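Residue numbers (this note's numbering), protein chains in the order written: chain A, 38 to 547; chain B, 38 to 547.
2 protein chains.
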Amino acid sequence: MPTATLPQHYTDLIALQRESGTLGSIAANISWDQETYMPAGGAGARAEQSSLLAGIIHERNTSSKLGDLLAQCEADADLSDESTPEGASLREMRRDYDLATKLPTDLVKALALAQSTAQETWKKSRANNDFPSFVDDLTKVLDLTREKGECYGYKEGGEVYDALINEYEPDTTAKEIEVVFTPLRDRLSAFIKDLTENGTAPKVDFLHRSIAVEKQHAFGQAITAQLGFDYNTGRLDTTTHPFCSGFGPGDTRMTTRYEPTNFPDAVGSTMHECGHGLYEQGLPKGGALFGTPLAAAVSLGIHESQSRMWENMVGRGKPFWNWALPVANKHFDNAFEDIDLDTFVKSMNTCTPSFIRVESDESTYNLHVMLRFELERAMINGDLAIKDLPGAWNEKFKNFLGLDVPDDTTGCLQDVHWSFGLVGYFPTYTLGNLYAAQMWETINETIPDLDAQMAKGEFGALLSWLRENIHQHGRRYSAAQLCQRATGKPLDAAPLMRHLERRVKPAYCM
Amino acid sequence: MPTATLPQHYTDLIALQRESGTLGSIAANISWDQETYMPAGGAGARAEQSSLLAGIIHERNTSSKLGDLLAQCEADADLSDESTPEGASLREMRRDYDLATKLPTDLVKALALAQSTAQETWKKSRANNDFPSFVDDLTKVLDLTREKGECYGYKEGGEVYDALINEYEPDTTAKEIEVVFTPLRDRLSAFIKDLTENGTAPKVDFLHRSIAVEKQHAFGQAITAQLGFDYNTGRLDTTTHPFCSGFGPGDTRMTTRYEPTNFPDAVGSTMHECGHGLYEQGLPKGGALFGTPLAAAVSLGIHESQSRMWENMVGRGKPFWNWALPVANKHFDNAFEDIDLDTFVKSMNTCTPSFIRVESDESTYNLHVMLRFELERAMINGDLAIKDLPGAWNEKFKNFLGLDVPDDTTGCLQDVHWSFGLVGYFPTYTLGNLYAAQMWETINETIPDLDAQMAKGEFGALLSWLRENIHQHGRRYSAAQLCQRATGKPLDAAPLMRHLERRVKPAYCM
C-alpha cells in the first residue's frame, strides 16, 4: 500500500524497529572496535558496555509495546498479506518477537552460565586432549539448548533440531538439509578419494613467497574496490579473525588478516569478507526500511553464499586471475612474474584431506561441516551419548575423509561452537557453498560472457545480478524461496559437485 | 562510611549512575570512531545513533527514579555530609540532575534549532566576511542562552553569566574570573609589547624541516609513553582536530595531527592531549566509582591545566628537550643534529601577536581568550549590542595585542563557539593556563630536582604529584578548592606571568 496511507500502528512499529536497528548498529560498532583498535585494558569496560546495550535492546525487542503494535498490524487485513512487502515484514517481525520472547528468563540465564562455564572447560580440555573432562559441561549446554528448542517449538513431524536451525537459517528443517547433504557427502568423498589417489597435486610453494603486509593490504583494497565494494561507505581493517559487520546505512566494515608468507590466506579472507560486505552494502538500508526485516540479511546460509561466491567461484578462477595476477605483480614488485597463469590458478585449487576445518580447502571443507551436522543432530536428538562423541567423530572422519584422527584436540575438541550451544549453525557453511554454486550456474547462463568480463576486471554485471536477485530483497522471501526465484529450482547438491569437478580436477591434471 | 553498611537507596543510586556512565562511554566511543575511522558515507547513520543514545542517556539522567533516589540519599544524614566522599558525590549528582532537569523542553528544542541554524549562517558569514548577515542568528542564540542561564539560576549578587560558566567550570563566577584576568591582561599586554619591541625573535626555520608523518607518530608515542601514558589502556590516533576522550575504565583515546613540515605543531598537540589523557587515566574509574562524580573530571579549567602543563611547562622547557632532542634525532635520522639545545628550546618559545586564536603562542593565547571573555560577558549581560561586536572586538584587539584587525573573518567571526551558544567556555582555556602555572610553582618547590629528573627523561615524580593532588579526587572538591589544597593559595595571575618571563624572555635574549 502507498506510504501515505499507512496507518499509525504500522508507522509506530517501524519507528520502534528503526530504533532497535540503530541500537544494534551501535552494538556492532563497539564490537568492531573491540576487535580492531580497543586497547587491551579496555576489555572489562567493553564487556559492561556490550552487556548493558544488549539488555536495553532485548528489553525493547520484547516490550509489550512492540508486541501490541505487532498484534494490531497483524490484525489489519490491509497490512498482513504476506505477498506484500509490509506483510512479509510483519511475518519476519513476528518471528523475531517470538524468538526474543519465547524463552523463560531462567532458561536464558542458565544457558548463559552453562555456556560461559563450558567455554572455559573446553579451553582446558582441548589443551589437555582430555575429552572426558568436557563431557559434563557439554551435556549441560546441550540439554539446555534442547530445552531452548522445545520452547521455540517446531512443526509437527519435525524435530527439535529444526527449532534451533531457525535462529540461523529460518524456514529450513534438518530433514531438508539431510536430503541435500547426503548425496553431496557421498559424491564428495568419492571425488576427493579419486583426486588424491589418481591426480597430481599442483605446485603451491611459490604462493608462500614473502610479501610485505602493507603491500598485501593495498592489493586487497584495490581488488575489493574493483569487485564493487564501496569504500565511501565501508572500510577494510586487520584482525586476528576476519569478519564483516554491516553497521547500518552507509557503514560496512570488513576485516582481514595478513601473514607475509601466506598471501593466499589473505586474498581468500579478503574476498570472502568482501562477499559479505557487498551483500550488506546491497541490502536496502538507505531509506525508510533500516531496522526492519526488509533491510536485513535473510539467513546465514545466504550470507555465506555471497562470501563463498566471491572467494571461491570468482577468486579461485582463471578469469579472475587473468586480470588480478598482473595487478598482484604490480603491487608486489613482480613477485609472481615467473609464474604463468595456468600454474597460478592450479595452485589456488588444491584438495587435501586434513584434520582442521578452518584450514581445509574448498572441497574438503564441506565434509567437515556435514560430519558436524550429523553428529550434533544425533546429540541433540538423544541418539548419540555425549561421552561417545569422540568415537563417532573418528569413525565418520575415516569414512568421509579417509584419515585416522590422532587425538581429540585435532578431532572433536577443535571447535568452540558447541560450548556456546551453537547447534544448527555449522550446516549454514555448506548451505552457503551450495547456494553459491547453484546461483553461479544460473548467473553464467544469464551472463554468458561473464568469464570474459572478469578476465578484464569487470564485475559489474555479476554484482548487478546479485543485487537484483538476492541483496535487494532482504528477508522478504525465505532462503529457499529466494533460491527458487533466482535459479528456478530448489536447492540441489549437483551444481556444487559440477563446480568442483570443473575447477579442481584440471588442477590435478585429471 | 564503610561500603558494607551503605543503604540500598545509595547503592541503587550508584548502580544507576554507573549505567549512565557506561552509556556515556559508548557515546564517546562512537563519537571517537566518527572522527577517526568512520567512512564518510556513515555520517547520516552516525548522527541517528548519537542522537538516539543521547536521548536515552538524557531520559535516564532526568528520570524521576534518579530524582527520588537522590532525594532519599540527601535526606539521609549519614550520607549527605559533604566532607565525606559520599556527600561530595551527592552534591555533584544534584548539580548534574538540576542541570539536566531545569530546562524546559521547549527551550532545549528552540536552542538546538537556533544553534544549528546559526552554525550554518556563521559558515557563510565567515566565508563572505559579512558579519551583519550573522547578527540575527547570533542574537537569537544568545537570547536563548541567556534564558537558559536564567533557568539554571545563579547566586544573589551574581549575574546570568555565572549560571552559564557553571556548565564548564562549576562554582566559579564571572567576578572571580575578572579579578584574576584583569591584572593578567594588563601585565601580559605590556610583556608582549616589551618583547616584540625590544627583543630578538628566535630562529624557528629549522623546526619546519620535513619529517615523515610515520616517524613523527612513532616519536609521539615514544615520548607520551615516557611521560607516563599507559598504552595498555589507551591509544594515539590521527584526526583533523586533536582531542582526547576518556571512555571509561581502561580506555583513553588521544588523537593528534601531523604535517611533514610542522613538527612543533604535532609535538604540541600530542603533549597537550597526553596531558588530558594522563588526567583521564588518573581518575579513579577502575573500581566502584565509575559513573559517579568522584571518577569524573572536575572542570574544563582543571582538565586544561593538565594538558597545558605537559604541553607548555614541560614540553617547551630546556630540561625536557635535553632528554627529548636526542630521542627526536634518533627517530628523525638526525634531522636536528646541527641544532644545539639552547637554540632548539628558544625556537619553541616564540611570542608573536597574531589574529587567529588557535594559531597563537603560549603568551598571546591568553589575550585572545580574555578578549572573548569580556565581549561575551558584555553581550550576555546586554551591555554590548550584537551588531556592535565587530567594533568592540577590533578596539580591544588593538588594545590587547597592538594589531589592527583587517576584517571580521580574521576577527570576531573566526570561532564557531558562539553560534553554539558556548558562553562561559572560552575563559576555561586561560583558567587552565593559570592553574597549570600555579601548580607548576608548587610542584617545583615540592620536587626541587624536577628539572634534573626531566633532563634524564624521568617524569614519574611529576605525574605522582598530579595523581595525588589532582587526578585522584575527581569532582570531590571544586576547582578552586583543589587549587587551594594543592598550592596553598587561591588562584592568582602572578605564577603564569613569572613562568612566561622565565621562559620566553631568554628566548628573546632579554
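A virtual CB, placed ideally from N, CA and C, is assigned to each residue, including glycine.
Fair warning: this is a prediction, and the values are worked out from it, not measured in the lab.
- In the DSSP annotation of this structure, the continuous segment of the alpha helix (DSSP H) that includes Gly81/A starts and ends at Ala80 to Asn98.
- Scanning its chain for C-beta atoms nearer than 8 Å, with the 5 sequence neighbours on each side dropped, one finds around Lys102/B the residues Leu53, in chain order.
- The Cβ-Cβ distance between Arg163/B and Leu450/B falls below 9 Å.
- Around Glu111/B, the same chain offers Ser117, Leu127 and Arg131 as residues with beta carbons nearer than 8 Å, after the five sequence neighbours per side are excluded.
- Around the beta carbon of Met547/B, fewer than 16 other beta carbons sit within 10 angstroms, so the residue counts as exposed.
- Chain-ordered, the chain A residues with CB closer than 8 Å to the CB of Thr59/B read Ala82, Glu85, Gln86 and Leu89.
- DSSP lists Met291/A as the beta-bridge partner residues of Cys281/A.
- Looking at the backbone, the Cα of Ala531/A and that of Gln253/A are separated by about 35 Å.
- DSSP places Thr233/A in no beta strand (DSSP E) but in the uninterrupted alpha helix (DSSP H) bounded by Ala211 to Asn235.
- Taking 9 Å as the cut-off, the Cβ atoms of Gln475/B and Lys526/B count as close.
- Counting only the Cα atoms, Phe457/A lies some 11 Å from Lys177/A.
- Going by DSSP, Gly271/A is part of the beta strand (DSSP E) stretching over Gly271 to Thr275.
- A direct Cα-Cα distance of roughly 46 Å separates Asp370/B from Glu157/B.
- Between the stretch 65-72 of chain A and the stretch 346-360 of chain A there are fewer than three C-beta pairs closer than 8 Å, too few to call the two in contact.
- In this chain, the alpha helix (DSSP H) harbouring Met491/B covers Leu487 to Ala492.
- If you look at Cys311/A, you'll find it in the alpha helix (DSSP H) that goes Phe300 to Gly319.
- Exclusion of the five residues before and after Gly58/A leaves Phe327 and Gly328 as the residues of its chain whose Cβ lies within less than 6 Å of its Cβ.
- The beta-carbon distance between Thr292/B and Thr275/B, rounded to whole angstroms, is 6 Å. This is short enough to meet the 8 Å contact definition.
- By the neighbour-count definition (other C-beta atoms within 10 Å, threshold 16), Leu150/B is an exposed residue.
- With respect to the 9 Å criterion, Arg512/A and Leu331/A are classified as neighbours on the basis of their beta carbons.
- Cβ neighbours of Asp398/A within its own chain (closer than 7 Å, five residues either side excluded): Thr387, Cys388 and Thr389.
- Counting along the chain, Phe381/A sits inside the alpha helix (DSSP H) bounded by residues Leu378 to Ser384.
- In this structure, the straight-line span from the alpha carbon of Gly78/B to that of Asn436/B is close to 47 Å.
- Rounded to whole angstroms, Pro427/B and Ile393/B show a C-alpha spacing of 15 Å.
- For Gly79/A, the nearest CB of chain B lies under 9 Å from its own CB, placing it at the interface with that chain.
- Counting only residues of its own chain and dropping the five nearest sequence neighbours on each side, Phe373/A has a CB closer than 8 Å to the CB of Phe243, Arg246, Leu362, Ala365, Asn366 and Phe381.
- Taking a beta-carbon distance threshold of 9 Å, Tyr268/A counts as an interface residue toward chain B.
- Val460/B carries a coil assignment under DSSP once its states are collapsed to helix, strand and coil.
- With 16 or more other Cβ atoms from the protein chains shown falling within 10 Å of its own Cβ, Asp445/A counts as buried.
- If you compare the alpha carbons of Tyr47/B, Pro76/B and Ser87/B with that of Gly61/A, the shortest gap goes to Ser87/B.
- If you draw a 10 Å sphere on the C-beta of His278/A, you find fewer than 16 other C-beta atoms in it, and that means exposed.
- For Glu184/B, there are no C-beta contacts with chain A under 9 Å, since the nearest C-beta of that chain is about 31 Å from it.
- Counting along the chain, the unbroken alpha helix (DSSP H) around Tyr47/B starts and ends at Gln45 to Thr73.
- Proximity of chain A to Pro76/B at the Cβ level (cut-off 9 Å) is accounted for by Asp267, Tyr268, Asn269, Thr270, Gly271, Arg272, Gly287, Asp288, Thr289 and Arg290, in chain order.
- A distance below 6 Å between beta-carbons, with the five flanking residues on each side excluded, links Asn166/A to the following residues of its chain, in chain order: Asp444, Asp445 and Thr446.
- Note on the stretch 382-429 of chain A: there is no whole beta strand (DSSP E) run with a minimum of 3 residues.
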